[in-house]
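**Q**
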Amino acid sequence: MTHSVRVIAFLLGVLGIAAPASASPASALWRQDTSALQFHGFRAGARLDEIDRLIRHLDGVRLRCDRSKRDRRVSECRGTVRDSALGGAVKIWVSAIDSVAGVLTLSAALDGETLDHWRHLIESRYGRVGARAQGSQWMMQWVRRGRMLRLTWRTDRGGRTASVSLVDGRVLDAWGRTPHTASP
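Per this note's numbering, the sequence shown starts with residue 1310, numbered consecutively.
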């Protein structure tokens, strides 16, 4: 091992960046990569406790989770935040593996100005992409290093419903490679 590699390994250990030996494959992936796509602080690949802290910081209702009966590593969680920067009440849904978010969705009924604000926030961070339509639904998508952010919106009865979905393919791939045990 070269001197520079030893120094980097030492610094990572001192800073607490290295994953503990007991960490699950999904949480180890989360600790190794900080380039996840995010929206308003939410990101796939985040631990559930991090998401819960963010929800409470935004005056939201604590994250409520149910474990899968078929695969106890999988949890489905829901919460709500009220934040003026997001346009009011936003529902949050998380599918987590080993307490790490594989899929995270924020959804809300928005006016046109707030939808434009959401789109501007995402485009200013990740660049412009073309919007695609399928029926009455529109979407824009960004992909980086096995992760995806998708902004989707549609008009219903004069109002708009929008969602931002964040997916960490690496968390999902790690889950798919490891066997699960069903509960009794």
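Glycine included, each C-beta is placed from N, C-alpha and C at the ideal position.
#1: Any idea what DSSP makes of ALA1417, helix, strand or coil?
#2: CB-CB under 6 Å to ASP1368, same chain, minus the five flanking residues each way: which ones, in chain order?
#3: May I ask you to report which of helix, strand or coil DSSP gives SER1474?
#4: By how many angstroms is the C-alpha of ASP1425 removed from the C-alpha of GLY1436?
#5: According to DSSP, is SER1408 helix, strand or coil?
#6: Ends of the beta strand (DSSP E) at LEU1458?
#7: For ARG1371, which of ARG1381, GLY1388, SER1384 and ASP1380 has the nearest alpha-carbon?
#8: Let me know if ARG1434 comes out buried or exposed under the rule of 16 or more other beta-carbons within 10 Å of its beta-carbon.
#9: Measure from the alpha carbon of LEU1415 to the alpha carbon of each residue in LEU1475, TRP1451 and LEU1346, then state which is nearest.
#10: Taking the C-alpha atoms as reference points, what is the distance between CYS1374 and LEU1363?
#11: For SER1404 and ASP1361, I'd like the C-alpha separation in whole angstroms.
#12: Among ARG1479, GLN1450, SER1384 and ASP1465, which has the Cα closest to the Cα of ARG1459?
#13: Runs of 3 residues minimum, wholly inside the stretch 1352–1378: which ones carry the beta strand (DSSP E) assignment?
#14: Based on Cα-Cα distance, which residue from TRP1402, GLY1444, ARG1454 and ASP1380 lies nearest to SER1472?
#15: Look at the alpha carbon of ALA1394 and the alpha carbon of ASP1358, and state the distance between them as a whole number of angstroms.
#16: When you compare only the Cα positions, how much space is there between SER1333 and VAL1383?
#17: Taking the beta strand (DSSP E) that ASP1392 belongs to, which residues open and close that run?
**A** The answer reads as follows:
#1: strand
#2: ARG1391
#3: strand
#4: 15 Å
#5: coil
#6: 1456–1465
#7: GLY1388
#8: exposed
#9: The closest CA to that of LEU1415, considering only LEU1475, TRP1451 and LEU1346, is found on LEU1475.
#10: 16 Å
#11: 13 Å
#12: GLN1450
#13: Runs of the beta strand (DSSP E) lying entirely within the stretch 1352–1378 and spanning at least 3 residues, in chain order: 1370–1376.
#14: TRP1402
#15: In a straight line, the C-alpha of ALA1394 is about 22 Å away from that of ASP1358.
#16: A caution first: SER1333 carries a pLDDT of 45, below 50, which makes its placement in the model unreliable, though a value can still be read off. Taking the CA atoms as reference points, SER1333 sits about 13 Å from VAL1383.
#17: 1383–1392
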